[in-house]
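In our numbering, the protein residues as written are 75 to 708. Ideal Cβ placement from N, Cα and C applies to all residues, glycine included. Taking it in order: structure first as C-alpha cells, then the write-up.
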C-alpha cells in the first residue's frame, strides 16, 4: 500500500458541490481577524514606542500580537454565529433553517452501533447514562436499526467485576428491545483510540455507522435518529459532530458552566460551523462516524519519540478528523440537532485535572501541523487546540513583562538630552488616549460575545432561563465569576504547559464526573502558590508602578482569592436554584433523558452475554510524518 493518502478522485464516492460561498466566508473571516489584529498591534506598538522600542518592548509586542489574534478570531467567529442565529440561517448551507430538514422522515437504511469506550468508570453511572439513552431511542420506534456496545478497558479487578454485573443486568432489561454487547480487553494499548480501533478491526464490518458515546454521554432518541438520517443523506460526509451541552450539575461551578454553555454554545458553534464548513473538528464523542471512511483513513500510529510529546496520541479526536478530511471526506459540525448532553467535572480541581490531560494531548498536535496532505483548516485546528492552553502562558508572560516594563520606566530618571550636540530637550511622551483605546478594544472583543449571547436569549428563549430578569442576573453573575476565575485558570494552564515542556507525564485515570465538595486542605494545597504569587505581584506593583495597581486588580485579586474560589466551586448551588437563577429549562424529552433513573440491578455474579461473532474491517495505521510515509510498506 502506498504512503500517499487516498484522494477523492481515487474513491468511488460521488463528487459533490462545495458548500455555498465557503471560500468567501473564510476569506472574510481571515480579513476581519487580520485587520483587527493589525489595529490592536498598531495601538500597542505606538504605546510601547513612546520612548523607543527596546528588546523588552519588542518581546512584549510580539506576544501581544499573537494573543490578540487569538481573541480577534474568537470575536469574529462569535459575531458570525450571532448573525446566523438572529436570522435563523443554517451555518452550513446559509439557507433558512426550516428549508434544511429534508432528511426528516427518511427511512433508516443503515446499521448503527452506539459504542461506549470506558476505563475504570463507576459502573452505576455508566449504566444509568447508557440506559437513559437506550430508553429514549426505543421510544422513537427505530431501535431495530441500532445496537449498543460497551467497550471496556477497565484495569481495576473490583471495578471490572461490578461493571460486568451492571452490564449483564442492563442486557436483561433491554432484551428484545435493543441488543447490548460487552467486550473487555486485557491489552489497553492506544488508550481510547486503541479501544475503538480494536472494536473496528473486530466488529466494524457488522455496522455502517458508529455513534461514539463517552461514559457520561446522554443523547435523546430523536438526536440519534437525526444523526443517522443526516449521514445517510450526505454520502460525501464521514463525520457529523453535535454540540453536547453540560447537564445534571448541582455544584456552583457546575451550574455556572452548565448555564454558560446553554446560553452561549449554540451561537458559538454556529459561528464555528459557518467558516469550518466541510472541515470541522471532532470532539471525541456525541458524534456519528461512517465506518467505511473511519477505518480506511483514521488508524493512528504512535508519535515518534517518548512521552509526553511522543508515544500514544492522547487527543486523538482532532487527529482523526484531520485524517478523514485528508482522505477526501467531509467533516461537519451540525448545530441543528439538539438533545446532545454530557456531564462534566463539578469543581475547579477536577476540571483542572481534566485540562492537564488535554494540555498534553493538544501540545502533541503541534508536532502534527506539518503532516503531509492535511487541509489548512486541519492545521489551524491543531494550532487552536494548543493555543487554548498556550495562550494562558502567553498572557502571563505579557502581564509579567508589562509590569516589569512599567516598573523600570517608573524608576528610571527621564533623559532629556540623548545626543551630545542636542539643543532642545526631548520630553517624555505619554499616550493615555491610546492606552484607553486599546483597553476598550480588548474589553469589547472579550465581552461582546457574552452580550450577543444574552441578546439572542432575551429575544428568543428567555423562558428557558427563568424569564428575562433572572436571565440577566444569571448572565452577569456568570460573567463576574468568569473574570475572577480567569487568573486562576491562567495560572493552572501555564503550569500545565511548563510541566509538559519539562517532560512531565500524566496518568490515564477515569474522569470524576459527579459534583463533590473540595476540602480546604485540598484547595490550599493546589492553589497556595498562586495566592502567594498574587500577594507578591500586588505588593511589587504597588511599590514600583502604583499607577498599574488598580488596572491589574482583577489579576492579582483572582490569584489571591484562588483557594476560596476552589473551595466554593464544589459547594451545592441550592440557594441560587431556589431563586430560579442559573436555570436551564429543556424540552420534556430532554428532561426525561437527564432525569432517568435505572431500575434495580440484576443479581451479583450474572455474566454478560458473549459478544456477537466478529465481522472484521481493515484499519491500517496512517502515516503522520514523512518518516512514517517512507517506512509504510508498499
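Among 643, 624 and 608, which residue has its Cα nearest to the Cα of residue 633?
Within the chain shown, the letter at position 559 stands for residue 633. Among 643, 624 and 608, the Cα nearest to that of residue 633 is on 608.
Quick one: what's got a C-beta closer than 6 Å to residue 200's C-beta in the same chain, skipping five residues either side?
Reading the chain shown from its first residue, position 126 is the one you call residue 200. Contacts found: 192 and 289.
Residue 637 beta carbon less than 8 Å from that of residue 597
Sequence index remark: in the chain shown, residue 597 carries index 523 (1-based). Sequence index remark: in the chain shown, residue 637 carries index 563 (1-based). Result yes, Cβ atoms of residue 597 and residue 637 sit closer than 8 Å.
What does DSSP give as the partner residue(s) for residue 373 in the beta ladder?
Residue numbering aside, residue 373 sits at position 299 when the chain shown is read from its first letter. Answer by DSSP bridge pairing, in chain order: 695.
Given residue 333, which residues of its chain have a CB within under 7 Å of its CB, disregarding the five upstream and five downstream residues?
For this step, residue 333 is matched to residue 259 along the chain shown. Excluding sequence neighbours, residue 333 sits near 548, 552, 656 and 658.
Whether residue 206 touches residue 292 by CB criterion (8 Å):
Your numbering for residue 206 matches position 132 in the chain shown. Your numbering for residue 292 matches position 218 in the chain shown. Against a cut-off of 8 Å, the Cβ pair of residue 292 and residue 206 comes out as a contact.
Going by DSSP, name the residue or residues bridged to residue 292.
Here the question's residue 292 lines up with position 218 in the chain shown. Paired residues: 415.
Would you mind giving the Cβ-Cβ distance between residue 210 and residue 663, rounded to the nearest angstrom? I have them listed as a contact below 8 Å.
Your numbering for residue 210 matches position 136 in the chain shown. Your numbering for residue 663 matches position 589 in the chain shown. Yes, residue 210 and residue 663 are in contact; Cβ-Cβ is about 7 Å, under 8 Å.
Could you tell me which residues DSSP puts in a beta bridge with residue 286?
To locate residue 286, count along the chain shown from 1; it is residue 212. In DSSP, residue 286 forms a bridge with 189 and 361.
Where does the unbroken alpha helix (DSSP H) through residue 600 begin, and where does it stop?
Mapped onto the chain shown, residue 600 falls at position 526. Its alpha helix (DSSP H) spans residues 594 to 618.
Ignoring anything shorter than 3 residues or poking outside the stretch 189 to 262, list the beta strand (DSSP E) runs there in chain order.
220 to 226 and 254 to 258
CB-CB length for residue 691 against residue 279, believed under 8 Å:
Within the chain shown, residue 691 is the residue found at index 617, counting from 1. Within the chain shown, residue 279 is the residue found at index 205, counting from 1. About 5 Å; that satisfies the 8 Å criterion.
How would you call residue 624, buried or exposed, if buried means at least 16 neighbouring beta carbons within 10 angstroms?
Along the chain shown, read from residue 1 onward, the residue named residue 624 stands at position 550. Classification of residue 624: exposed, given that the 10 Å Cβ count is below 16.
Nearest-angstrom Cα distance between residue 519 and residue 556?
Position 445 of the chain shown, counted from the start, is the residue given in the question as residue 519. Position 482 of the chain shown, counted from the start, is the residue given in the question as residue 556. Residue 519 and residue 556: Cα-Cα distance of roughly 15 Å.
Taking the DSSP output, what are the residues bridged to residue 163?
The residue you call residue 163 lines up with position 89 of the chain shown. According to DSSP, residue 163 bridges with 170.
Please report the straight-line C-alpha distance between residue 576 and residue 444, rounded to a whole angstrom.
Counting from 1 along the chain shown, the entry for residue 576 is found at position 502. Counting from 1 along the chain shown, the entry for residue 444 is found at position 370. If I take the Cα positions, the gap works out to 23 Å.
Do you know offhand how far residue 645's Cα is from residue 544's?
Residue numbering aside, residue 645 sits at position 571 when the chain shown is read from its first letter. Residue numbering aside, residue 544 sits at position 470 when the chain shown is read from its first letter. Each residue's Cα considered, the two are about 21 Å apart.
Terminal residues of the alpha helix (DSSP H) in which residue 315 lies
In the chain shown, the residue the question calls residue 315 occupies position 241. First-last for residue 315: 311 to 315, but that is the beta strand (DSSP E), not the alpha helix (DSSP H).
Assuming residue 286 contacts residue 359 (C-beta within less than 8 Å), just tell me the rounded distance between them.
Within the chain shown, residue 286 is the residue found at index 212, counting from 1. Within the chain shown, residue 359 is the residue found at index 285, counting from 1. Going by Cβ atoms, the distance from residue 286 to residue 359 rounds to 5 Å, so yes, they are a contact pair.
Rounded to a whole number of angstroms, what is the C-alpha to C-alpha distance between residue 372 and residue 363?
What you label residue 372 is simply residue 298 of the chain shown in a count that begins at 1. What you label residue 363 is simply residue 289 of the chain shown in a count that begins at 1. If I take the Cα positions, the gap works out to 11 Å.
DSSP three-state call for residue 561: helix, strand or coil?
Here residue 561 corresponds to residue number 487 of the chain shown, with the count starting at 1. Residue state, collapsed to three classes: helix.
Which residues does DSSP list as the beta-bridge partners of residue 686?
Position 612 of the chain shown, counting from 1, holds the residue named residue 686. None, per the DSSP bridge assignment.
Note the first and the last residue of the continuous beta strand (DSSP E) segment covering residue 407.
If you number the chain shown from 1, residue 407 lands on position 333. First-last of the beta strand (DSSP E) with residue 407: 404 to 407.
Leaving out five residues on either side along the sequence, give the residues of the same chain with a beta carbon under 6 Å from the beta carbon of residue 171.
Here residue 171 refers to the residue found at position 97 of the chain shown. 162 and 164, listed in sequence order.
If the criterion is Cβ atoms closer than 8 Å, does the pair residue 365 and residue 254 meet it?
To locate residue 365, count along the chain shown from 1; it is residue 291. To locate residue 254, count along the chain shown from 1; it is residue 180. Result no, Cβ atoms of residue 365 and residue 254 do not sit closer than 8 Å.
Within a Cβ cutoff of 8 Å, which residues of the same chain sit near residue 252, ignoring the five residues on either side of it in sequence?
To locate residue 252, count along the chain shown from 1; it is residue 178. Within the same chain, residue 252 has close Cβ partners 208, 211, 212, 217, 220, 221 and 222.
Just verifying my parser: in three-state terms, what is the DSSP assignment at residue 476?
Sequence index remark: in the chain shown, residue 476 carries index 402 (1-based). The answer is helix: DSSP assigns residue 476 an H, G or I state.
Among 128, 93, 195 and 147, the one whose alpha carbon lies nearest that of residue 112
Counted from its first residue, the chain shown places residue 112 at position 38. Measuring from the Cα of residue 112, the nearest candidate turns out to be 147.
Kindly list the residues whose CB is nearer than 8 Å to the CB of residue 470, restricted to its own chain and excluding five residues on each side of it in sequence; keep chain order.
To locate residue 470, count along the chain shown from 1; it is residue 396. The residues are 564, 565 and 568.
Just to confirm the assignment, what range does the alpha helix (DSSP H) spanning residue 107 have?
As a first step, residue 107 must be located in the chain shown, where it is residue number 33. Counting along the chain, the alpha helix (DSSP H) containing residue 107 begins and ends at 96 to 122.
On a Cα-Cα basis, can you pick out the residue from 681, 387 and 316 that is closest to residue 354?
Stepping through the chain shown from its first residue, residue 354 is reached at position 280. Selected option, being the one with the closest Cα: 316.
Residue 432 versus residue 455: straight-line alpha-carbon distance, rounded:
Translated into the one-based positions of the chain shown, residue 432 becomes position 358. Translated into the one-based positions of the chain shown, residue 455 becomes position 381. Their backbone Cα atoms lie some 14 Å apart in a straight line.
Taking residue 132 as the reference, which of 303, 119, 440 and 229 has the closest Cα?
Taking the first residue of the chain shown as position 1, residue 132 is located at position 58. Checking every option, the nearest Cα to that of residue 132 belongs to 119.
Whose C-beta lies closer than 8 Å to the C-beta of residue 94 among residues of the same chain, with five residues either side of it excluded?
By one-based count along the chain shown, residue 94 stands at place 20. Excluding positions up to five away in sequence, the list reads 167 and 168.
Boundaries of the alpha helix (DSSP H) in which residue 438 is found, first to last residue:
As a position in the chain shown, residue 438 is number 364, starting the count at 1. Segment 422 to 438, the alpha helix (DSSP H) holding residue 438.
CB contact flag (residue 361, residue 313, <8 Å)
As a first step, residue 361 must be located in the chain shown, where it is residue number 287. As a first step, residue 313 must be located in the chain shown, where it is residue number 239. Taking 8 Å as the Cβ cut-off, residue 361 and residue 313 qualify as a contacting pair.
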